[in-house]
Amino acid sequence: MHWTIWDKSKPSPLELLLEADPSETQITQYLDKSTVFELKDDEKTMGVVCLLPINNHQIEIMNIAVLESIRNKGLGKKLLEKAFDFANSYHFTELIVKTGNSSINQLAFYQKNGFRIQKIVPNYFSEQYPNQAIIENGIPCLDQIILLKEIKS
Numbered sequence: 001m002h003w004t005i006w007d008k009s010k011p012s013p014l015e016l017l018l019e020a021d022p023s024e025t026q027i028t029q030y031l032d033k034s035t036v037f038e039l040k041d042d043e044k045t046m047g048v049v050c051l052l053p054i055n056n057h058q059i060e061i062m063n064i065a066v067l068e069s070i071r072n073k074g075l076g077k078k079l080l081e082k083a084f085d086f087a088n089s090y091h092f093t094e095l096i097v098k099t100g101n102s103s104i105n106q107l108a109f110y111q112k113n114g115f116r117i118q119k120i121v122p123n124y125f126s127e128q129y130p131n132q133a134i135i136e137n138g139i140p141c142l143d144q145i146i147l148l149k150e151i152k153s
């Protein structure tokens, strides 16, 4: 497998991005402003991570996804390591990721990889997606959980 940076003149890995973010509208709002790393096997995208600077100190993981058929094989960790290395190389001091209260596996994954819960935004998803009930693991996704990992050079 090898890394590439998404060439914005080519089609985006939208199908994979939609696995982590159900809104194509939301994805298109951040995609062109993000640095997008693709983990590829030959020409097939196996995983993707989108990074968007928030300010001079913080960079956010806007989207991170691995093909469903190859999950739980360490590729998510490789994507996080790539995000961390990129953030460190550009002297960001904090890496942020946001997820839902019902995303139990994601919350465990981020915390196992050094992220700490910083903030809960009540009713974020119910307000952002008023016509779309999001249910994960049998739990209504209502609140946004913001996690942060400090970057020490």
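If you read the sequence shown in UniProt numbering, its first letter stands for residue 1, the second for the next number, and so on. For every residue, glycine included, the Cβ atom is placed at its ideal position computed from N, Cα and C.
Inset, instruction - Taking 8 angstroms as the threshold, find out whether the stretch 144 to 151 comes into contact with the stretch 84 to 103 through three or more Cβ pairs. - result: yes
Inset, instruction - Could you check the C-alpha separation between Ile-59 and Gly-138 for me, to the nearest Å? - result: 31 angstroms
Legend entry - With 16 other Cβ atoms within 10 Å as the buried cut-off, status of Met-62: buried
Inset, instruction - Run the CB neighbour count on Gly-74, radius 10 Å, all protein chains shown included, and call it buried at 16 or more, exposed below. - result: exposed
Legend entry - Secondary structure, beta strand (DSSP E): runs of 3+ residues fully inside the UniProt domain "N-acetyltransferase" (1 to 136): 2 to 5, 35 to 41, 44 to 53, 58 to 66, 94 to 100, 116 to 121
Inset, instruction - List the DSSP bridge partners of Ile-139. - result: Glu-136
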